[in-house]
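Trainee: Would you mind keeping the following structure in view while I ask a few things?
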Amino acid sequence: MAALAESSAEKATPEFLILTDLPRGHALWPSALAQVDVIRAACAPVLGFEPCVRLVCAAEMPVREGVETFVLPAALDFSLWEREELGRKIAEARRGHPKNLIFHDDIDPGHPLLVDALVGQASACLAGQAKACPTCGLVFAASGHGDSASRAQSYRLMRLIWEQAGFARAEVGFLRHVQPFLAHVLERCAREPIPWVVLFQGQWETEHVEYARVMVENVRRANPQPQIHFADPPGAHELFTAWYAQRIAKLWRERRARSEARAPSPKRSAPEPPGLLRFGAGTIARVSDQARMSRVLEQVLPPAKPDRILVKVTWHGYATGTYTDPAALDLLLSALPAPAIVLEGHTSSRNLGGAEFDWETEARENRAWIRRQEAEYLRRTGLQEVLTRHRAQYVNVTEEFWNEEYEGDPANFVPSVLRELKGSPMLNFPKFKGPTRLAVSNMFGLIPLPLRSAWHGPNITWFARACCNMAKLYSELFELSAVVEGLYSAVRWNRQGLYRSRWGNYDLIHDAGCVTASPGLAAADILAARLQGQNVHTSAFFDVVRQELGWDEEAATAELPEVLRMLFV
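Mapping the sequence shown onto this note's numbering, position 439 (from 1) lands on 983, and the numbers just tick up by one.
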């Protein structure tokens, strides 16, 4: 484990720096720190790891050696000097830490979350005063000390707030620019017969906000009945928290996309972590060849050499990288100590289309077409070639269900040809495809009907129970074990992902070369889910797994090596 600790240290947790415009020692600094804690917690399930998020002053640029650093400016209105100083500090940090990767983004003041937060502050200012936005005017105050482009952004933000809140009128006033100067705008508005709300372009009560308040007070004293209200800045508003979390997630995704597109020099490649680690009954292993796969199988298969080994694969459709691919299957079959019987059932998605029928009621009478589609699937994907080379048998449980004319509950069906092999080992071989689409979920494909929507049910708990019931059914006949593989591709779900399937968009993690394994299914799934950022103690799916299949607390709680966790985030 010492070598593993060294590897983990070399790939430290990325650091996200939020450059606030609050000075250290400000009365609101503790509130800003508390918001950072909430941001960190919000990012963890999205990124798949606990990020290091720090609040620093805009004048600082603390960069730790060997740590990827992401810089997030927080000021909604930069001055010319501040923008130049930020660029200079980032350049200095890159020169001073040539081995570090330093990224930054830019602020979009018109982001919908910012607009919503500022509209909420303006509306709250009028609460309980029997005044509504359509009868009021808006004075949008900004520092205005940047260039003309930044002042144009202030006008854009004012327009977005005006339209969303429905103010009757809207004006812009600047503190540090003469056209239009905020004090003059306030004097003009005070003479109007409608109430006005002054809303500042900023998150915190800074010196500029206080200066704007002084201007408002001066106008109130100079006018007998002023109707000018000042909206408090949002501060640690939950929408600002969500905005920071979104920016962090976007920066991380963009960094991953660039990293995957760029071929790194072998000189800078991280040392390979240890090949096999145990956590309770589960194993995490790096597998690059037949010998290493054989070592993994020794951990999960019965010690006595069997005559046959049943293998449940994942062949649900053509979506790139989401099914058991030929390379992974070839590696597994090469390492098995006995001939394999590969198991799968028909599905409505493993075809090229072109036939119109009801899959729920008319699938059996169209079985000839379905079988041709499956044969074409195996040919096009190269899987048939692998099966032939290893002389592996293939049993389609749907075909067996139709052949036997089984009349009971389909979820209680096990083909007779498999029952004759009672006592044989059965290896579940799913892909890394999301925190709950692993070995337990892979048993769902053994329900013999090609359309299984009745067992999907209304929620994840229903689906999990159906999967666990299939696992218990087969465990009564066979010695179940699991190897969850991310050998040559693993799925990372992403709404803006490059690839698309019937379940949504996703990206692929290529050549991770990692598997989790265990006797039974639970420990392998727990480890695979945790490697993908899932908290298994707060998952409704894993609550059912705990109740139905048992639990491995060490696999669920042990500290996983960071170098492995970073593979799938």
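Cβ coordinates follow ideal geometry from the N, Cα and C atoms, glycine included.
#1: Assign Asp-1112 to one of three DSSP states: helix, strand, or coil.
#2: Is the beta carbon of Thr-866 less than 8 Å from the beta carbon of Ser-1045?
#3: Counting only runs that start and end within the region 682-736, where is the beta strand (DSSP E) found for 3 or more residues in a row?
#4: My output table needs one value for Arg-764: the three-state DSSP class, helix, strand or coil.
#5: Could you give the DSSP three-state label for Thr-564: helix, strand or coil?
#6: Using a Cβ-based criterion (distance less than 7 Å to any ligand heavy atom), does Glu-612 qualify as near the ligand ADP?
#7: Determine the contact status of Ala-618 and Asp-565, defining contact as a CB-CB distance below 8 Å.
#8: Taking only the alpha-carbon atoms, compute the straight-line gap between Pro-642 and Gly-1057 and give it to the nearest angstrom.
#9: My output table needs one value for Ile-738: the three-state DSSP class, helix, strand or coil.
#10: Just the Cα atoms here: how many angstroms apart are Gly-978 and Ile-705?
#11: How about Arg-915 and Gly-861: are their beta carbons less than 8 Å apart?
#12: Assess contact between the region 1038-1052 and the region 985-995, defined as three or more Cβ pairs (one per stretch) separated by less than 8 Å. Is contact present?
#13: According to the Cβ coordinates, are Gln-745 and Ser-698 closer than 8 Å?
#14: Does the separation of the CB atoms of Val-1028 and Ala-1084 fall below 8 Å?
#15: For Glu-1106, which option in Phe-593, Pro-567, Pro-589 has the closest C-alpha, if you only look at C-alpha atoms?
#16: Would Gly-819 and Ala-1099 be called neighbours here (beta carbons separated by less than 8 Å)?
#17: Which residue from Gly-898, Phe-774, Pro-558, Pro-974 puts its Cα closest to that of Ile-792?
#18: Ends of the alpha helix (DSSP H) at Ser-667?
#19: Have a look at Ser-1062, Arg-852, Arg-608 and flag the residue whose alpha-carbon is nearest the alpha-carbon of Arg-822.
#20: Tell me, to the nearest whole angstrom, how far the beta carbon of Arg-611 is from that of Leu-561; I am working on the premise that it is less than 8 Å.
#21: In the structure shown, what three-state DSSP assignment does Val-831 receive?
#22: Would you identify the three-state DSSP class for Asn-947, choosing helix, strand or coil?
#23: Please list the terminal residues of the continuous alpha helix (DSSP H) segment that includes Lys-856.
#24: Taking 6 Å as the limit between beta carbons, can you name the residues of its chain near Cys-677, skipping five residues before and five after?
#25: Can you check DSSP and say which residues form a bridge with Lys-975?
#26: Can you pull the DSSP bridge partners for Cys-596?
#27: Would you report the Cα separation of Ala-571 and Leu-662, rounded to the nearest angstrom?
#28: Is Ala-588 helix, strand or coil when you go by DSSP?
#29: Does Leu-896 pass the burial test, meaning 16 or more other C-beta atoms within 10 Å, or should it be called exposed?
#30: Could you check how far apart the C-beta atoms of Cys-680 and Ile-738 are, in whole angstroms? I think they sit under 8 Å.
#31: If you run the structure through DSSP and keep just helix, strand and coil, what is Asp-1051?
#32: What residue from Glu-1092, Arg-963, Arg-1074 has the CA that sits closest to Ala-1102's CA?
#33: Could you check what DSSP says for Asn-644 in three-state terms: helix, strand or coil?
#34: Measure the C-alpha to C-alpha separation of Arg-911 and Asn-940 and round it to an integer number of angstroms.
#35: For the alpha helix (DSSP H) containing Pro-870, name the first residue and the last one.
#36: Pull up the distance between the alpha-carbon of Lys-633 and that of Val-760, whole angstroms please.
Mentor: Answer, in terms of the structure:
#1: One detail in the question is off: residue 1112 reads as Phe in this sequence, not Asp. In this structure, Phe-1112 counts as coil in the three-state DSSP scheme.
#2: yes
#3: 713-718
#4: helix
#5: strand
#6: In terms of ligand content, the structure shown is empty, and the ligand ADP therefore cannot be addressed.
#7: yes
#8: 30 Å
#9: coil
#10: 39 Å
#11: no
#12: no
#13: yes
#14: no
#15: Phe-593
#16: no
#17: Pro-558
#18: 656-670
#19: Ser-1062
#20: Residue 611 is actually Val in this sequence, not Arg. No, Val-611 and Leu-561 are not in contact; Cβ-Cβ is about 11 Å, not under 8 Å.
#21: coil
#22: helix
#23: It is not in any alpha helix (DSSP H) - Lys-856 instead sits in the beta strand (DSSP E) that spans 853-856.
#24: Ala-709, Gly-710, Phe-711
#25: Glu-1029
#26: Glu-559
#27: 22 Å
#28: helix
#29: exposed
#30: 6 Å
#31: strand
#32: Arg-1074
#33: coil
#34: 12 Å
#35: 870-879
#36: 36 Å
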